[in-house]
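Scroll down for the structure; my scribbles are underneath it.
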Amino acid sequence: MEMLHVKVEQLFFSNMGFVILLKGHEDERTLPIFIGAAEAQAIALQINNVKMSRPLTHDLFKNTLDFLECRVKRIEVCDLKEGTFYAKLILEHDGMEMGIDSRPSDAIAVALRADAPIYISKAVLEQAGRVFTEEELRMTGSIKEPERLSKQKPHLNPLDALKMDLEKAVKEERYEDAAKIRDRIKNIEHTHTPN
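The sequence shown runs 3 to 197 under the numbering used here.
Here you go:
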């Protein structure tokens with residue numbers, strides 16, 4: 003499988019949710035991937051070099067890998083099935099390489115923390131990549147203006163993030179996912195309701 007080296011071109015909020023754009027050095031096409039609010043926040047914090055007082059989930063995962071002397075060698079966005087992107091974290095330990103299944107958003111958040119390269123399959127780029135005009139890119143805002151994302155949702159709590167994910171799942175007609183998210187929302191609201 004031919005893989006292309008890419009970088010995070012932009013991260014922005016659209017009317018459909020958070021979007022990360024991956025772009026290669028030798029190809030005009032850009033791969034847009036919709037991601038959850040929590041993952042967008044984790045990516046934005048790392049891009050902006052914001053250090054939290056306590057580790058977030060992706061920090062914890064990276065710290066655990068470091069403790070186990072396991073290196074993130076690269077990540078690969080390797081497949082697209084029924085509108086869902088698939089990725090792998092390629093790890094190295096004691097000279098052995100292993101691939102761990104991951105959502106692209108989580109893999110990217112970890113790769114940024116590990117300073118590991120990001121690759122996408124040429125087949126995935128051909129299937130879902132597109133060329134954005136300069137005007138489209140200007141309208142979305144850029145990673146070169148990272149404050150935009152953090153100012154929009156400075157302290158996004160998990161309940162708000164789930165509600166955004168629910169709205170996105172319904173719009174995308176992923177009703178099984180929507181039902182699971184709805185149940186998680188109800189569970190959180192029920193546990194935080196005063197007696």
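Think of the CB as a built atom: it goes at the ideal place given N, C-alpha and C, for glycine as much as any other residue.
Is residue i buried or exposed, if buried means 16 or more other CB atoms sit within 10 Å of its CB?
i	result
F69	exposed
T86	exposed
R132	exposed
T32	buried
H60	buried
K6	The question names Lys, but residue 6 is Leu in the sequence shown. Buried, since its Cβ has 16 or more Cβ neighbours within 10 Å.
M18	exposed
K202	Because the chain here runs from 3 to 197, residue 202 falls outside it and cannot be looked at.
K64	buried
L93	buried
L62	exposed
Between the alpha carbons of residue i and residue j, how many angstroms are there, rounded?
i	j	result
L127	F134	13 Å
S107	A180	19 Å
F15	V21	6 Å
K170	I110	20 Å
L91	G101	6 Å
E99	L114	19 Å
M3	L67	27 Å
E174	A89	20 Å
R184	V172	10 Å
Q43	N50	10 Å
K182	A116	31 Å
Looking only at C-alpha atoms, which of the options sits nearest to residue i?
i	options	result
L13	A46, A163, A40 and S123	A46
A1	Q48, R56, I77 and F36	It is not possible to answer for residue 1, since the shown part of the chain is limited to 3 through 197.
P34	D61, E4, H60 and V79	V79
R105	H95, K83 and K124	K83
K25	E174, D167 and K124	K124
G38	V172, L164 and I187	L164
D29	A42, E11, K173 and M166	E11
R186	L168, A89, G97 and V112	L168
L23	Y177, D103, V112 and I120	I120
D81	H27, M166 and D103	D103
Find out if the Cβ-Cβ distance for the pair residue i, residue j is shorter than 9 Å.
i	j	result
V52	I122	no
I77	A40	no
#### Entry: Three or more C-beta pairs below 8 Å linking the region 66-83 and the region 40-56
no
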